[in-house]
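K.L.:
Using UniProt numbering, read the sequence shown as starting at 1 and increasing by one per residue. Each residue gets a CB set at the ideal place from its N, CA and C atoms; glycine is no exception.
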Amino acid sequence: MALLSHKTKPVGGENLENWEFVGKGGFGSVYKARHKDWGFDVAVKILRDDVSLPEESALFAEAGHMEKVSCEYVLRVYGIYQGLIQGLPRQGIVMEFMGKGSVQSLLRDLGGPPPQPLVSRLAHQVALGMNFLHSRKLLHCDLKPSNVLLSDDLNAKLADFGLCRVSASASDGNRETELIGYTFKFKPPEAFDTSYEPRRAFDSYRFPFKTPKLDCNSISYKKVSSMSLKCPIFSHLISYGILLWCIFTGKEPYPAAEYSLVALKVPIGDRPCLKDTDQKAELVDLMKKCWDGDPSNRPTFKECLGVTEKLFSMHRPGVPAAVYQVLTKLDPATSNQHQSINEVVGFSSQTPESHDSMDCRPMKTKSPSVQDPVPDEVSVYTITMSPEKKAKFVDDKRADLIQVISEVMAITEELGDMVHSETYALIKAKPTSMEKMRLLYSRTLRSGGIAVKAAFFDALKKHHPKTVEQLGRVFHLY
C-alpha cells in the first residue's frame with residue numbers, strides 16, 4: 001500500500017473513537033469517527049476484504065491526488081487509516097466529514113428540488129470545483145449527485161474522483177458495477193462507443209480520442225486532435241449538465257431505464273426530460289449546452305462559471321433563508337429553536353393549506369437605511385462574543401461570506417494597517433466581490449490570527465449586520 005506522501009502519517013485506530021456507520025460504497029464501508037487529538041469528526045473509508053490489489057492501488061492513488069488538491073470545493077483527505085476493525089487489520093482513507101450527506105440524499109429527503117437560491121449555489125460550487133480540477137489537469141470521471149457531498153450548512157464539495165466501480169447504491173442491481181469511471185446515466189454519448197477508453201480521474205488529457213458527431217439518425221465519427229485537449233475535458237460536461245438537471249428538477253434521470261436502453265438512446269440524442277421546466281431559465285439553457293451531442297459544442301467549465309456566477313449573484317441574498325428552509329424541513333425540531341428566523345429572512349408562517357409545500361421566494365423586506373439601528377440582539381451577541389468565537393465564525397463561514405459579502409472594500413478599509421498595502425492594491429484591482437473576498441481570506445485572514453479575524457468580524461457586523469444575524473441564528477454560532 002502506497003503512502004499518500006512523505007509528510008502524511010497513517011491514522012491508527014487508537015487515534016479514533018465514537019465510530020458510527022454511515023454507508024457503503026464501491027470499495028467498502030464509510031464510517032464517521034472522532035479524532036482524539038484533532039478534536040473533530042472525520043470520515044473513514046474502509047476497504048472491503050475482497051478488494052483486489054489494482055483496486056487498492058487505484059484508491060490510494062486517488063487519495064494521493066486528492067491530498068495534493070487544495071480547494072474549498074474539493075473534499076479534503078487527511079491521511080490513510082491503518083488499524084483494526086472488529087479485531088481484523090484493515091486499511092482505508094481518512095477524509096473530511098460532510099455532515100449533510102450528498103446532493104443525492106438531499107433530493108431524496110426533500111422529495112424534490114431545493115429552493116432556487118440553493119440550486120444556484122450548488123450549481124456554481126460544483127462548477128468551481130470542476131474548473132479547479134481541470135485547471136490542474138485533473139479529470140473527475142464520475143460526477144453525479146452521490147459524489148457531491150454537503151457540509152452542515154449545505155455547501156458542496158466534490159468527492160470520489162471516478163474510481164468507484166460500484167455506485168453508492170450498490171444493492172440496486174444496476175449495470176453501474178461494470179463501469180470504470182462514469183455511472184451510465186451520467187455517461188457522455190461518445191463513451192458508449194466500443195473504441196472509447198475510460199480514464200482514471202487523474203490521467204492526463206493528452207491521448208487520442210474518438211468522439212461521436214450526431215448526423216440525423218446516424219452517428220459518424222471524427223478524429224479529434226489531442227493538441228486541443230478539448231474532447232476529454234468536454235466529455236465531462238455531459239455529467240455536469242445531467243447533474244444540473246437533477247438539482248433543478250429534484251428527479252433521477254431515466255428512472256425506469258436500464259443500461260441497454262440508455263446505451264441505445266443517449267448516442268442518438270435522448271436526454272433527460274425538460275417538458276415541465278422553464279425553457280427560458282438560464283440554468284436550463286446551460287444544461288442543454290453541456291449535454292450537446294457534439295463535444296466541440298459544449299462549453300468549458302470556465303465558460304460555465306460565467307453563467308453560474310451570474311445566476312448565483314442574483315440569488316445569493318436569499319441563500320441563508322433557503323438553507324434555513326431546507327435544514328428545517330430535513331430536521332423540523334430546529335424550527336422551534338429559531339422561530340424568529342422567519343422575521344429575519346422574511347418568511348411567513350405556513351397555513352394549514354400550505355402544509356405540503358413551502359414557498360421558496362423570500363418576502364420583500366425594507367432595506368435598512370443609515371438611520372436604522374443595528375438590532376439589539378446582534379449587538380448583544382457580538383458584544384458578548386470572545387475574539388476566539390469571532391475568529392471561529394470567520395473560519396467556519398468562509399464559503400458563505402465569500403459568496404454573500406458585497407462591501408469588501410469598506411471592510412478592508414476598516415482593517416487599516418492589518419491589510420498590507422500590496423494586498424490592499426491587489427484586492428482593489430479584483431473585478432468582483434467574490435474575488436476580493438477570496439484574496440482577503442488568503443492574504444490577510446489566513447495569516448493574521450485571532451486578532452485580525454475578530455477585527456474582520458466587527459467590520460462585517462457593522463457593514464452586514466443582517467448577514468451576521470442570519471448566519472448566527474441559523475448555524476448556532478452564538
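1. Beta-carbon within less than 7 Å of K397's beta-carbon, same chain only, minus the 5 sequence neighbours each way: which residues are those?
2. Identify which residue in F456, R438, P387 has its Cα closest to the Cα of T412.
3. The beta strand (DSSP E) spanning R90 covers which residue range?
4. Could you check if H420 is buried or exposed, using at least 16 other CB atoms within 10 Å of its CB as the buried criterion?
5. L330 and L110: beta carbons closer than 9 Å?
6. Could you have a look at H35 and say whether DSSP puts it in helix, strand or coil?
7. Considering A156, what are the terminal residues of the alpha helix (DSSP H) in which it resides?
8. For the candidate residues I242, S313, K430, C304, whose alpha-carbon lies nearest to that of D270?
9. Return helix, strand or coil for K144, following the three-state DSSP convention.
10. Taking only the alpha-carbon atoms, compute the straight-line gap between N15 and K36 and give it to the nearest angstrom.
11. Could you give the DSSP three-state label for S369: helix, strand or coil?
12. Mind pulling the alpha helix (DSSP H) runs of 4 or more residues that sit fully within the segment 229-275?
13. Using the beta-carbon count (16 or more within 10 Å), is M314 buried or exposed?
14. Within the continuous beta strand (DSSP E) that includes D41, where are the two ends?
15. CB-CB under 8 Å to D395, same chain, minus the five flanking residues each way: which ones, in chain order?
16. Quick check: the Cα distance between E388 and I450, rounded to an integer number of angstroms?
17. Taking its Cβ as the centre, do 16 or more other Cβ atoms sit within 10 Å of N155, making it buried, or is it exposed?
18. Count the CB pairs spanning the segment 304-324 and the segment 286-293 that are closer than 8 Å, and state whether there are at least three.
19. Taking the continuous beta strand (DSSP E) assigned at E20, which residues delimit it?
20. For a quick check, are the C-beta atoms of C290 and I247 less than 9 Å apart?
21. Check Y81 in the structure and name its three-state DSSP category.
22. Could you name the residues of the same chain whose beta carbon sits closer than 8 Å to that of F132, not counting the 5 residues immediately before and after it, in chain order?
23. Rank N147, G250, Y78, R76 by C-alpha distance to the C-alpha of V119 and give the top, closest one.
24. Could you check what DSSP says for S226 in three-state terms: helix, strand or coil?
25. Quick check on this structure: which residue in V77, T300, D294, M434 has the alpha carbon closest to the alpha carbon of F312?
26. With 16 other CB atoms within 10 Å as the buried threshold, where does S146 fall?
27. For W38, does the count of other Cβ atoms within 10 angstroms reach 16, so buried, or fall short, so exposed?
28. Within 10 angstroms of the Cβ of D417, are there 16 or more other Cβ atoms? Answer buried if so, exposed if not.
29. Compare the Cα-Cα distances from H124 to each of V42, V30, L244, R298 and report the closest residue.
30. Could you give the uninterrupted runs of the alpha helix (DSSP H) lying entirely in the segment 276-339, keeping only those of 4 residues or more?
31. Going along the chain, which residues of its own chain have a beta-carbon closer than 6 Å to the beta-carbon of E34, five neighbours each way excluded?
32. Tell me which residues share the same chain as Q403 and place their Cβ nearer than 6 Å to its Cβ, disregarding the 5 neighbours each side in the sequence.
33. Which of the three DSSP states, helix, strand or coil, is assigned to S102?
34. With a Cβ-Cβ cutoff of 9 Å, do I46 and Q104 count as a contact?
35. Excluding five sequence neighbours on each side, which residues of the same chain lie with their C-beta closer than 6 Å to the C-beta of F301?
P.N.:
Reading off the structure:
1. L471
2. F456
3. 88-96
4. exposed
5. yes
6. strand
7. Not the alpha helix (DSSP H): A156 falls in the beta strand (DSSP E), residues 156-158.
8. I242
9. coil
10. 6 Å
11. Reliability of the predicted coordinates at S369 is poor, the pLDDT of 34 falling under 50, and no value is obtained from them.
12. 230-249, 259-265
13. exposed
14. 41-47
15. K453
16. 6 Å
17. buried
18. yes
19. 16-24
20. no
21. strand
22. V69, C71, Y73, V74
23. G250
24. Low confidence applies here, because S226 scores a pLDDT of 31, under 50, leaving its location unreliable; read the following figure in that light. Of the three classes helix, strand and coil, the one that applies to S226 here is coil, per DSSP.
25. M434
26. buried
27. exposed
28. exposed
29. L244
30. 282-290, 301-315, 319-330, 333-337
31. Checking the sequence, you will find Arg at residue 34 rather than Glu. The answer, listed in chain order, is E17, N18, D41.
32. R316
33. strand
34. no
35. A127, M130, N131, H134
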